[in-house]
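Participant:
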Amino acid sequence: MRLFLFSCLLYINFSVSASQIGLIIDDIGNTDQDAKAFTLPINVAFAILPNKALSKTFSGRAAAQQREVILHMPMESLAGNNQEKNVLLSNMAPKQIIQTLRAALSTVPNAVGLNNHMGSRLTQLTVPMTVTMEFLSERGLFFVDSRTTRYSKAQIIAKKKGVLSAKRNVFIDHTPSLEQIDKQFKRLLKLSKTYGSAIGIAHPYPQTLEYLKQHLDTLQKKHGITLIKMSEVVSSSGSYAYHSKVTPEHSSPTL
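Throughout, my numbering is defined as the position within the sequence shown, counted from one, plus 3.
#1: Output the distance between the C-alpha atoms of R70 and A40, rounded to the nearest integer angstrom.
#2: Where does T42 sit, in a helix, a strand or coil, going by DSSP?
#3: In the DSSP assignment, find the unbroken beta strand (DSSP E) run with A65 in it and report its ends.
#4: So K216 is in the alpha helix (DSSP H); what residue range does that whole segment cover?
#5: Identify every run of the beta strand (DSSP E) within the segment 100-174, keeping only runs that are complete inside it and at least 3 residues long; order them along the chain.
#6: Since I228 and L194 should fall inside the 8 Å C-beta cutoff, what is the C-beta to C-beta distance between them, to a whole number of angstroms?
#7: Check each candidate in F145, I31 and S109 and name the one with the smallest Cα separation from K164.
#8: May I have the straight-line CA-CA distance separating A201 from N94, to the nearest angstrom?
#9: Once the 5 residues before and after K59 are set aside, which same chain residues still bring their CB inside 7 Å of it?
#10: What does DSSP give as the partner residue(s) for R200 in the beta ladder?
#11: Of all the options Q158, E235, G116 and T211, which has the alpha carbon lying nearest to the alpha carbon of D176?
#12: So, helix, strand or coil for V72, using DSSP?
#13: By how many angstroms is the C-alpha of L230 removed from the C-alpha of P131?
#14: State buried or exposed for I45, treating a residue as buried only when at least 16 other CB atoms are found within 10 Å of its CB.
#15: Can you tell me whether T42 is buried or exposed? The criterion is at least 16 other CB atoms within 10 Å of its CB, across all chains shown.
Right under this line is the structure:
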């Protein structure tokens, strides 16, 4: 009986310590105010928008912290509004897609991966996603699908092209109220404990940053969950059988 109880305790401890989350702060580089995100733990990845006045500066500063940088690549949405300049469009020839990706990457020179900004239209299309994944494969960059549409083909194509990939499970602050941020963060933790690992995406809103600073500091001690770098999540994502759902609650149909 004593041996049985000891084994159970070991199992529980292993299960708790094995729970991990990866966290991305999207849309970095729009304003000086985004610099407040640099106070977050260094395992939080920054998805930096390309072709902004602060893109290179923030990319270099994040890398100096040994923080992982991701190219937050603008892609065509179904709604087609509020899109960034130099966005990847469905009517682009493969050569144009490559040129646009190369130009974007040059403004976020420390990027080790890419995730999509918007892209509810483009990530559904085979040809643009194939060209994009071939580009990433040649450069050894990983891909995180922001999952702005349930019909995304991006991760499937990434795997076919040998690109390490994962997908977002929770948008933490799609509705940027403290009540919703708390609800979604707790959902992220629950998913990580259920499946071993989960990925959350948030934004550099003041209320989000304040909430995350407070709760990430106690993540391990209070919940037994480890915040790890995004490259580690992506590298091990094949081990976990979790699935993200896209619903109006967690993403916008206009993304």
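Even for Gly, the Cβ is constructed at its ideal location relative to N, Cα and C.
Facilitator: In short:
#1: 11 Å
#2: helix
#3: It is not in any beta strand (DSSP E) - A65 instead sits in the alpha helix (DSSP H) that spans S58 to A67.
#4: P209 to L219
#5: 114-121, 145-148 and 168-170
#6: Contact doesn't hold; Cβ gap of about 10 Å is too wide.
#7: F145
#8: 34 Å
#9: T110 and P112
#10: For the record, residue 200 in the displayed sequence is Ser; it is not Arg. For S200, which the question treats as bridged, DSSP gives the partners Q23.
#11: T211
#12: strand
#13: 32 Å
#14: exposed
#15: exposed
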